[in-house]
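Under my numbering, the first residue of the sequence shown carries the number 413, and numbering increases by one thereafter.
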Amino acid sequence: MSFGLMSDSNASYLRAARAGNLEKVLDYLKSGVEINICNQNGLNALHLASKEGHVEVVAELVKLEADVDSATKDGFTPLAVALQQGHDQVVSLLLENDTKGKVRLPALHIAARKDDTKAAALLLQNDHNADVESKSGFTPLHIAAHYGNINVATLLLNRGAAVDFMARNDITPLHVASKRGNSNMVKLLLDRGSKIDAKTKDGLTPLHCGARSGHEQVVEILLDRGAPFLSKTKLLLQHDVPVDDVTNDYLTALHVAAHCGHYKVAKLIVDKKANPNAKALNGFTPLHIACKKNRVKVMELLLKHGASIQAVTESGLTPIHVAAFMGHENIVNALTNHGASPNTTNVRGETSLHMAARAGQADVVGYLLKNRANVDTKSKDDQTALHISSRLGKVDIVQQLLQCGASANAATTSGYTPLHLAAREGHQDVAVMLLENGASLSSSTKKGFSPLHVAAKYGKMEVASLLLQKRAAPDAAGKNGYTPLHIAAKKNQMDIGTTLLEYGADTNAVTRQGISPIHLAAQEGSVDLVSLLLTKNANVNMCNKNGYTPLHQAAQQGHTHLINLLLQRGALANELTVNGNTALSIARRLGYISVVDTLRPVTDESLTTMNASEKHKTNVPETMNEFLDMSDDEGT
413 MSFGLMSDSN ASYLRAARAG NLEKVLDYLK SGVEINICNQ NGLNALHLAS KEGHVEVVAE
473 LVKLEADVDS ATKDGFTPLA VALQQGHDQV VSLLLENDTK GKVRLPALHI AARKDDTKAA
533 ALLLQNDHNA DVESKSGFTP LHIAAHYGNI NVATLLLNRG AAVDFMARND ITPLHVASKR
593 GNSNMVKLLL DRGSKIDAKT KDGLTPLHCG ARSGHEQVVE ILLDRGAPFL SKTKLLLQHD
653 VPVDDVTNDY LTALHVAAHC GHYKVAKLIV DKKANPNAKA LNGFTPLHIA CKKNRVKVME
713 LLLKHGASIQ AVTESGLTPI HVAAFMGHEN IVNALTNHGA SPNTTNVRGE TSLHMAARAG
773 QADVVGYLLK NRANVDTKSK DDQTALHISS RLGKVDIVQQ LLQCGASANA ATTSGYTPLH
833 LAAREGHQDV AVMLLENGAS LSSSTKKGFS PLHVAAKYGK MEVASLLLQK RAAPDAAGKN
893 GYTPLHIAAK KNQMDIGTTL LEYGADTNAV TRQGISPIHL AAQEGSVDLV SLLLTKNANV
953 NMCNKNGYTP LHQAAQQGHT HLINLLLQRG ALANELTVNG NTALSIARRL GYISVVDTLR
1013 PVTDESLTTM NASEKHKTNV PETMNEFLDM SDDEGT
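Right, here's the structure in full:
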């Protein structure tokens, strides 16, 4: 802003503004006069129009983007001038312009934001409350603290502003200044008696705020003034919160600095003899956090100051578990160099190798295997790292583990081998690798199921074909007598059923309850599969132990279209169950009208021997319990 000599047109422009002559003001601007030109005292057109209360001229100048924050030689803004003269309409207009598109703030807040001490002083003359609140409970002092506006903050404090006024969540101006790194403001507030250990509702002190934002100057000031560095946040102390769901709670300033990787801040704090092993609510120490966030310098600093590499979280994780899971090979390396064991287990019995495998961190797996990690350590459910990587289809990790001698036939507590898990998830490439390394095709789960059973159950065609090519037994039976073909029929897996039959699966194999694959296909209403089984010599009138034929099963489920097919292929409508039911009597009892219409012409109705109590029995398929036996999924 220049306060020099002015041309005639400039002087005339300013006179027009002072006189409120809008037409002339606009003419001068059109002729090229600079909108913010000012006289020797620093007053421009907006100052002069504001001083005289010319609302229309002020409005037009603001619209044309005149500088609303320009100050005179004495430091007066247009707002201060209007306030001084008591021109309320001009004041409103200037304030409205300032909050366009934003949340409306009280005038004193705006003055605080702009460090406009003159306007602030005038506003305080009219209304002596220095602690007027915005909608969210912030005072002008909070705003001044945010922007680092020392002048207006000093004025507000001199006029009685509460230095520790608590806004929403109990945030004081000192919290705000610390978070923003405004060190001079922090000094001013502390000099005026601000509480250095004030806590927000979340338990954050000003030191936490400064540490989180990495403002070492602020942290140093606070520590020099005696800030309590072991203060912890207390965010979620309700008893029903699961401990491990609470991750950033009960943290010290050192945890916060470690999380953000602020080395200088962390150093200031540990130099003040802060406890490097302080635990958050979930048991995380600053070292766990530095390892999680890959903060190498902070990690080295913490180790140098006595941080424990054996510290465990609530779930039993040591720092090396965390680093392995996150894939930070450099951190894992540093921790092992400091004596961390790669074979330490968490509460689930898992080592860092399990963790790296679960997260698919191939580089870390490689490093651990070269550095004394036990390749076949079993977790509490007897899973090895090979089980985990086989389930997830991580070929590169599977390969590394097998090369280091991992057992391809290790079994979990449920009897699942890595091949079972690869089959379940359909990872053909992993299955190939496991078979090349001695995985057994005939290994069975606790319920007697082979990898082929599992592939059939989950419809994993490629793996099923691979297993059959490698000579897996197509008729291997589980403890309940189910073969892979039974499972394919139950799950309506047409492709797998076809492939099993090509490899010689027995269409008339029966379970312990006398159920054949065609019983299951009929129950499921699988016309194509029933047709296929019949072309492969399935017995259309096979009875299970309860006397049910495929026709009974189809009638029980209301599959009319299938009943027609079975009758065409020689199904006997007059066959009786052990309880004396024909397919017709079952359909009639269940109300399947179209099935009844189909079966009535071909059934001798005098045969049914169903007694009165039988009529009132709740219909439960006699085979249902056996189906439930199939659900032995590995809980992984």
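Idealized CB from N, CA, C, for every residue including glycine.
What whole-angstrom Cβ distance do Ala623 and Ala665 have, given they're in contact under 8 angstroms?
4 angstroms
Could you tell me the distance, in whole angstroms, from the CA atom of Arg430 to the CA atom of His620?
52 angstroms
Please state the DSSP three-state secondary structure of Cys450.
strand
CB of Tyr870 within 8 angstroms of CB of Arg836, strictly
yes
Classification of Leu476 by the beta-carbon crowding that lies within 10 angstroms, buried from 16 upward
It is exposed - the Cβ of Leu476 has fewer than 16 other Cβ atoms within 10 Å.
Other residues of its chain near Gly838: CB distance less than 6 angstroms, five sequence neighbours each side excluded
Lys872 and Val875
Report the option in Thr825, Val777 and Ala820 whose CA atom is closest to the CA atom of Ser791.
Thr825
Do the CB positions of Leu426 and Ala471 come within less than 8 angstroms of each other?
No, these two residues do not count as a Cβ contact at 8 angstroms.
Comparing C-alpha positions only, which one of Gly992, Lys526 and Val866 sits nearest to Lys902?
Val866
Quick check on this structure: which residue in Ala820, Ala771, Thr796 and Gly454 has the alpha carbon closest to the alpha carbon of Lys806?
Ala771
Which residues does DSSP list as the beta-bridge partners of Asn456?
For Asn456, the beta-bridge partners assigned by DSSP are Cys450.
Hey, could you find the ends of the alpha helix (DSSP H) Tyr779 is sitting in?
Ala774 to Lys782
Backbone CA spacing between Ile522 and His717 [nearest angstrom]
47 angstroms
Assigned secondary structure, Lys704 (DSSP; H/G/I helix, E/B strand, else coil):
Lys704: helix per DSSP, three-state reduction.
Taking DSSP as the reference, what is the three-state secondary structure of Cys672?
helix
Beta-carbon proximity list for Ser424, same chain, < 7 angstroms, skipping 5 on both sides:
Tyr440
Which residue comes first and which comes last in the alpha helix (DSSP H) that contains Leu568?
Ile562 to Asn570
Evaluate Gln905 with the Cβ neighbour count: other Cβ atoms within 10 Å of its Cβ, from every protein chain shown; 16 or more gives buried, anything less gives exposed.
buried
Using three-state DSSP, classify Glu545 as helix, strand or coil.
coil
Reduced DSSP secondary structure (H/G/I, E/B, other) of His667:
helix
Give every residue of the same chain whose Cβ lies closer than 7 angstroms to the Cβ of Ile701, excluding the five residues on either side of it in the sequence, and list them in chain order.
His667, Ala670 and His671
Alpha carbon to alpha carbon, what distance is there between Thr617 and Ser548?
20 angstroms
Following the continuous alpha helix (DSSP H) through Phe737, name the residue where it begins and the one where it ends.
Pro731 to Met738
Where the alpha helix (DSSP H) containing Ala768 begins and where it ends
For Ala768, the enclosing alpha helix (DSSP H) begins and ends at Ser764 to Arg770.
Quick check on Glu726: does DSSP put it in helix, strand or coil?
coil
Classify Gln650 as buried or exposed, calling it buried when 16 or more other Cβ atoms lie within 10 Å of its own Cβ.
Summary for Gln650: the model assigns pLDDT 29, below 50, so the residue's position carries little reliability, and this model does not support an answer.
Beta carbon of His674 nearer than 8 angstroms to that of Gly615:
For the 8 angstroms CB-CB criterion, His674 and Gly615 do not form a contact.
Based on Cα-Cα distance, which residue from Gln629, Ala950, Leu988 and Gln968 lies nearest to Gly982?
The residue with the shortest Cα to Cα distance from Gly982 is Ala950.
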